[in-house]
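As structure tokens, the structure follows; a few thoughts come after it.
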Amino acid sequence: MLRTTPFHARTAPLCLSHAWRRWAGYVVASSYELTHEREYHAIRSSAALLDISPLYKYRVFGRDAARLLDRVVTRSVAASTPGQVLYTGWCDAAGKMLDDGTIARLDADLFRMTSAEPGLRWLQDNAAGLDAAVTDISDATAALALQGPSSRAILQEIAGADLAKLRFFRIVATTLKGIPVTISRTGYTGDLGYEIWTDAGDALPVWDALIEAGTPYGIVPAGMLALDVARIEAGLMLLDVDYVPARKALTGRQTSSPYELDLAWTVNLKKEGFVGKAALAEEAQRKPEWQFVGIEVEWDALERLYAKAGLAPQLPATAWRTSVPIYAGGGQAGYATSGGWSPLLKKYIALAHLDARWARPGTAVEMEVTVEHRRERAAARVVKKPFFDPERKRA
Amino acid sequence: MKTRYDAIVIGAGHNGLVCAAYLARAGKRVLVLERSDRVGGAARSEEVFPGFRFSVFSYVVSLLRPEIIRDLELPRHGLHILPLESTLTPLANGDYLAQWSDHDQNRRELAHHSLRDAEAYEEFGMLMYRMARAVKPFLGRVPPDPASLAPRDLLGLARLAANLRGLGADQVHALHKLLTMSSADYLDEWFECEALKATKSASGIIGTFLGPRSPGTAYVLLHHYMGEIDGVFRAWGFAKGGNGSVSDAIAAAARGFGVEIRTESTVARVLVRNGRATGVALESGGEIEAALVVSGADPRRTFMQLVGAEHLPQEFVAGIERFRFRGSSGKVNLALAELPDFSCFPGAGPHLRGAISISPSVDYLERAYDDAKYGEVSRQPYMDIVIPSMIDPSMAPPGKHVMSIFVQYVPHNVNGGWTEAKREAFGDTVIDTLAQHAPNIRSAILHRQIITPADIESMVGLTEGNIFQGELALQQMFFLRPVPGWAKYATPVSGLYQCGSGTHPGGGVMGASGRNAAFAILGERP
Amino acid sequence: MKPAAVVIGAGVNELVAAHYLARAGCAVTLVRSEVALERADTGWVTPRLAHDLGIDPRLLGAPCADPWAIAPLPGGGRLELTSDVGASAEAIRRLSARDAERWPEFCARMHAHARVLGCLYAEPPPDPMATALRDLARLARGALRVRGLGRSGMEAFLRLLPMSAADFLDDWFESDALKGVLGAAGVMHAFQGPRSGGTAFGLLHHHVGSAPGVFRPPLTNLRAALGAVGGVTMRGGTVARIETKESRITGVALAGGETIPAPLVVSGLPPARTLLEMTDPGLLDPQLVRALRNVRSRGVVAELELVLDRHPGSSTLVIAPALDYLERAYDDAKYGRVSTHPYMEARYEGTDAQGKHRVRVHVQYVPYALRDAVWDTALAQNFGRAVLAKLSEHAPGLSAALVGQHVLTPHDLEHLYGFPQGQAYHAELALDQVLWMRPLPELAQYRTPLPGLYLCGPAMHPGAGVAGAAGANAAAVILGDLRRGVLKVKE
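First to last, the sequence lines map onto chains A, B and C.
At position 238 of the first sequence the residue is numbered 1465 (the working numbering), and the sequence of numbers has no breaks.
At position 188 of the second sequence the residue is numbered 194 (the working numbering), and the sequence of numbers has no breaks.
At position 454 of the third sequence the residue is numbered 539 (the working numbering), and the sequence of numbers has no breaks.
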């Protein structure tokens, strides 16, 4: 009895692989085609259409809406303007990450917040003494991501607004073929792309409109496997995979602060009181013990390891989400949590947590690779994220 | 009769059997003497009506210690635990609350009633997990005596303090609340959905003579969360073949270590000479000698009946007299021609493979308790229902079913005593209440077996029908169980030990008391 | 140089805290709302407090009425219990010889237990998670005191703590009348019946400071005894907000708009009101906010103030004929109803300025929140009439002597005395809301997360029933913080 998204009537017949997976209690396609490759390439060469409805979405409204959000998240919300979208994390009182997501300022007193985990209770409890109301609009709101170099052109065919004016991380209320939607220039692929938000009741017409407009441009419905590769190329972390949210952590070591996740830029210590500020201020005085970095494995090293077993390198096309040890300085220096082969960059890349001593870009490390049932170590380098950052993303 | 045994265990309840098995594993020659015709005590399966097999008394497995399952290799001896995966709470207005083991499914059901509760449930679950983990080490430990200055006790106390402090302030305070609050007040802090609070509160009243608003029930709630199966906490399961198969597996393991088990052998007395136990006297006549006697019977039966106050210090006897039993539970076991059809969830769905909890609100449970406080069976009782044949079809003939209904409150000291009429009336109340939710039940019943606390007492030997061999109230737990100063399984009579759930850590089909007692006897750390 | 301090509230704890701070050199302003609050406080005044503030113990007033309990018996006649253990035993003998035999030992035991508790009450609560040496020392002292009861005393003490008053009293006695009178002390102000766990602790708590054999808290007029001591400026007014700047306390703002600057504010008001309504809850950890809202403070008591033209004839009257009577009274409250047969205790309070005789009647269980009714004037009056009728059954001359009466419902008590939901103890006396858990573990040492803001009311350890002790303990913590530089105050 898993739920289906508002787009299920369209996505189900397309899922030839029958490969569904769970996301927040919904079923979404892992891939529509038998393998995910074409879907991934569409993200980078034409346009991919992804169902992202299972995100949790909250409507925050009222005179103190900005104050409420400012109490909760680490970035300054008060400084934002209507039409702006912020990416931010939020923490518990110990300064450890609870979740991350976006806040779209739809109006002076109206915000839409997304998150990976349910957050209604947390938001409401933080609203003590404030004139702000929080409603859960997760089920009522359908959401799609249209990502790729042709995404603007496709949208422009049917959108009411002039999308050339929609800058990176901004949002606009408009229509698609007359259907009211909001479109944000945001995404999880690190590419030119948009997210389209609409009432669940309008989901199917919106889908149909996009497919119709997009087919001449080569639009491809894409599933989670394709998205995973793209987001790793973009250096973007994923809750439960790349970090343990504080609420689920069984030990202190499992938690992460924003500083340890390379999110220092989202922490505004000048802001008056937010949950975790004191702890974060204290942590900022000393250097974080861990860093979240990019890892690039040396191709030659890989080739040598496989050649020893009489094989050519066999890297899985699907990104992995397991814990892989990283070695440096004679011992284990950390672990990668997401990784895989980037078909675009032709590199074997990973996202990793590293002991800060070894986390500077350029540092030589080794990543564990299992070759023919043997655990080997392949030479690798620490690199800055993102691995892929095209100009068109912000243009 | 020559001394052929090192130890005699009185009673083949699961704790007695566990104790016997561990003693025999360590090389002792052990004899178990059981009054009835089969092993198990209150963990027994019986074909009460031809073709229909019942877990007559206790009916689910969760608290059975994993270390016992491993040490005694119980799966090899036939123990197979099948999962119980859901709880359905029918509500008055035709609605229901369902809880499932799948995280997403469960969240969805809760979200129907309250979005906040759906979120809070996950946090609550994490906290209970941490609490169960925090408490777990204490289950397998002999309680230190805080009044003693002996090095072993001081060390034990220091360890206890260190363990607790090591949990950190948040967890210690959470534990404090769980030990002292009522389950209703505790759950009020987390949830708003009445049916959820009531269904969870119900775990807090099992086997107690307290209502959900009575302080002390949050502890019982935690006690029932300590069960784990395969490392998964709070998992409840059903033993294939009924709870008797748990006892049978332990008995088989015990026999494997050389234990001799004699059924239909009632012990009349423990033989005591000069403050020392020397063996037992059988009701049929005859005596059996042994230097070690271990009683699996409850403390009152053991000390007041089998030993006799004359052999015991006055302070100890006073303590035993103050140890409270007040049975509050009953059972109705049914043989059914067809499955019950619940109006709120019609048809033979997956919910019938789990538990059905008649606990629509906290007030409902509290009113049930009020009735019992003044000596009556609850007019609208709390019921925990399982249909074992849905999980293990071998329990009933094909197409037919058995239903196990655990009921509270059924006071042992019912006004006017447990006459035949009272007993039938109790059975009728249960059926009437169930019929409100599953109207087809009356016509589906082929046979019914009614068990009152008086029956529990006479059939199994549990004083006042208390299923835990003594209330799980803090004032008689841990180093106070059963009597202050005598919480380490030893007794004032040398050579006499106690191993039933009237000792730490208390009741539920755990086996921990039996295991701890064995180690205490052997002088080792468990 | 000690900082200026504002103390908020009209209770005796606030007065005591103010005096301690003043004696230490702070310029203290005590802000209290202008409601006349002349009522006798209950509770034992610790010897240390009397000594510290230079109060002649003889001025504290008669500790208790004697007999402290007069209970009508079903067959006629009365059970009278006094501070004379032997005399009480004789009175009990008429009901049960066995109980009479046990009475002296019971009194001795309870008194020893109460002394241990009393020591714990005279200082801030021990903290089982303490790491600092002085705190560990306090913890050790507490543990040693318990151990000092001896093996059987310690076991009895630890057994007593979680027990219900009913089980505990059933262990000792058989007489319903005796158990009823004692059980009432276990459930006073509690939203629990005598069969509930924690009520044996309630019985012990209400015995702290009383003489052996007296199971009602002593009465004091500590407020009057403190008199006008220098260094404390009294101000009438209601505090609307406690002002902060970047979480530091800067003073208070009164309802009229005036502000009183001070880096140190001590509030005797309920913690939830202080932290959630008078300061910005956004300054607090949301978990603490939630926990504050979960502190239980349900009022179950109403009072009747009777004005008589003559002495009622006895110092007290207790209507609590048996434990089950109390339990049934509690049953009603559980479902949001006023008890049909409430627990009632009338106490003679002396004569007033007009020469009239005053009696105060404690009526329990009278819930603040009713399920099928609302506390309006009509309901209050009907309630008052019903109570009087019941009392008159046992005190025949009462209605004739009655000159006036005044009903104080839980709502009235809230309005007049600031008792949240009418609960006189602010936070219910329950095992999860005592000692290091009172009212919350984060607040148990009188400090709040806002530097400079402290709590000192009855919601703080040791709770009500020990007059001024919370205020004294809070002052001790404040002065300690000042001394150690933990509380930095700019001039």
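All C-beta atoms, glycine included, are put in the ideal place defined by N, C-alpha and C.
Everything numeric in this text was worked out from a predicted model, so none of it was measured.
Looking at residue j and residue i, is the spacing between their C-beta atoms short of 8 Å?
i                  : j                  : result
Ala1586 of chain A : Val1610 of chain A : no
Phe263 of chain B  : Asn472 of chain B  : no
Gly243 of chain B  : Val66 of chain B   : yes
Ala269 of chain C  : Ala405 of chain C  : yes
Val92 of chain C   : Val351 of chain C  : yes
Val101 of chain C  : Gly553 of chain C  : yes
Tyr192 of chain B  : Leu181 of chain B  : no
Leu1276 of chain A : Ile1406 of chain A : no
Ala207 of chain C  : Leu234 of chain C  : no
Ala13 of chain B   : Val36 of chain B   : yes
Leu312 of chain B  : Arg275 of chain B  : yes
Met239 of chain C  : Ala175 of chain B  : no
Assign residue i to one of three DSSP states: helix, strand, or coil.
i                  : result
Phe60 of chain B   : strand
Tyr495 of chain B  : coil
Gly287 of chain C  : helix
Ala121 of chain C  : Model confidence at Ala121 of chain C stands at a pLDDT of 48, short of 50, so the residue's coordinates are unreliable and nothing is read from them.
Thr462 of chain C  : helix
Asp1582 of chain A : strand
Asp566 of chain C  : helix
Ser484 of chain C  : helix
Use the C-beta contact count for residue i: other C-beta atoms within 10 angstroms, 16 or more gives buried, fewer gives exposed.
i                  : result
Ala132 of chain C  : Here the sequence assigns Pro to residue 132 of chain C, which means Ala is not the residue at that position. Per the 10 Å Cβ criterion, exposed.
His118 of chain B  : exposed
Pro526 of chain C  : buried
Glu430 of chain C  : buried
Asn421 of chain B  : exposed
Met1228 of chain A : exposed
Met7 of chain B    : Any reading at Met7 of chain B must be qualified, since the residue scores a pLDDT of 49, below 50, and its modelled position is unreliable; no value is offered.
Val571 of chain C  : exposed
His1263 of chain A : buried
Leu1496 of chain A : exposed
His136 of chain C  : exposed
Tyr83 of chain C   : Limits of chain C in this structure are 86 at one end and 576 at the other, which puts residue 83 of chain C out of reach.
Ala518 of chain B  : buried
Taking residue i as the query, report the chain A residues whose CB atoms sit under 7 Å from its CB, ordered along the chain.
i                 : result
Asp110 of chain B : Leu1229, Arg1249, Gly1252
Leu113 of chain B : According to the sequence as given, residue 113 of chain B is Arg; it is not Leu. Under the 7 Å cutoff, chain A gives Gly1252.
Which residues in chain C sit within 7 Å of residue i, going by Cβ to Cβ distance?
i                  : result
Asp1352 of chain A : Pro371, Val374, Arg375
Arg1298 of chain A : Gly367
Report the neighbours of residue i on chain C: residues whose CB is nearer than 8 Å to its CB, in chain order.
i                  : result
Val1502 of chain A : Asp370, Pro371
Thr186 of chain B  : Pro247, Gly282, Gly283, Ala515, Leu516, Asp517
Check the DSSP bridge columns for residue i and list the partner residues they point to.
i                  : result
Gln455 of chain B  : B:Asn339
Cys1318 of chain A : A:Met1324
Trp1247 of chain A : A:Ala1256
Asp390 of chain B  : B:Ser363, B:Phe412
For a contact defined as C-beta to C-beta under 7 Å, what are the partners of residue i on chain B?
i                  : result
Arg1339 of chain A : What Arg1339 of chain A touches in chain B: nothing, since even the nearest Cβ is about 17 Å away.
Using a Cβ cut-off of 9 Å, pull out every chain B residue sitting near residue i, in sequence order please.
i                  : result
Lys1475 of chain A : Glu128, Met132
Which residues of chain C have a Cβ atom closer than 9 Å to the Cβ of residue i, listed in chain order?
i                  : result
Gly1561 of chain A : None at all; the shortest Cβ gap to chain C is about 31 Å.
If the cut is a Cβ gap below 8 Å, which residues of chain B does residue i touch?
i                  : result
Leu1347 of chain A : Leu121, Arg122, Glu125
Asp1363 of chain A : Leu121
* Asked: Along the region 514 to 530 of chain C, what residues have a CB closer than 7 Å to any CB found in chain F?
  -> Annotation note: the requested chain F is absent from the structure, which comprises protein chains A, B and C.
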